[in-house]
Amino acid sequence: MQLDKTLYVAKAEATGGREGYVRSDDGALDMPLTTPRALGGAGKFGVNPEQLFAAGYAACFIGAMKVVAQRNGQLLSAATKVNGEVGIGPVGQGFNINVVLNIEVPDMARDELDTLISAAHEVCPYSNATRNNVDVVLNII
0 MQLDKTLYVA KAEATGGREG YVRSDDGALD MPLTTPRALG GAGKFGVNPE QLFAAGYAAC
60 FIGAMKVVAQ RNGQLLSAAT KVNGEVGIGP VGQGFNINVV LNIEVPDMAR DELDTLISAA
120 HEVCPYSNAT RNNVDVVLNI I
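Residue numbers for the sequence shown follow numbering that gives the first Met the number 0, beginning at 0 and rising by one.
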């Protein structure tokens, strides 16, 4: 899907793969990468691409929920939380991921929340990027 207009470009560089390093061009993201034990790594201190994706998707989804709430004249509670889970595993000769977003929005009726989350899933860039390629489960908790 082509963008109508590019509003922002994030830039980051990775070196060394899963046992390497990531750094954004502005230095805000600057950390070592490590392979989790479950994937055969030593379990050293560091983050992995799945954690970065889980955090990014969770934050982006809250942003999409805010956009939809604002469009609907609603206020999204500041206590809203999205816990992202990203799994990785083999698919044929390669690998793929799956995503679970556990969504908690205090003080919103369940039917309103269902509508909000469904609309946010259509708005969220991560949801649009993964649609029809990655299994995404949206759980209300």
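C-beta atoms are modelled at their ideal positions from N, C-alpha and C, and glycine is treated no differently.
Residue i: first and last residue of the uninterrupted beta strand (DSSP E) it sits in
i	result
residue 7	Element bounds for residue 7: n/a, residue is neither H nor E.
residue 29	29 to 31
As assigned by DSSP and simplified to three states, the class of residue i
i	result
residue 64	helix
residue 89	strand
residue 134	strand
Spatial neighbours of residue i in its chain, beta-carbon cut-off 7 Å, leaving aside the 5 residues before and after
i	result
residue 112	104, 139
residue 45	30, 31, 32, 33
residue 124	59
According to DSSP, residues forming a beta bridge with residue i
i	result
residue 80	103
residue 14	20
Cβ-Cβ separation, residue j to residue i (assumed contact under 8 Å), whole Å
i	j	result
residue 115	residue 67	6 Å
residue 49	residue 85	4 Å
Sequence-distant residues of the same chain with beta carbon closer than 8 Å to residue i, five excluded per side
i	result
residue 9	23
Within-7 Å CB hit, residue i to chain E
i	result
residue 129	Among the protein chains of the structure shown there is no chain E, as only one such chain exists.
Beta-carbon proximity list for residue i, same chain, < 6 Å, skipping 5 on both sides
i	result
residue 101	82, 138, 140
Span of the alpha helix (DSSP H), counted from its first residue to its last, around residue i
i	result
residue 46	Unbroken run through residue 46: none, as it is neither H nor E.
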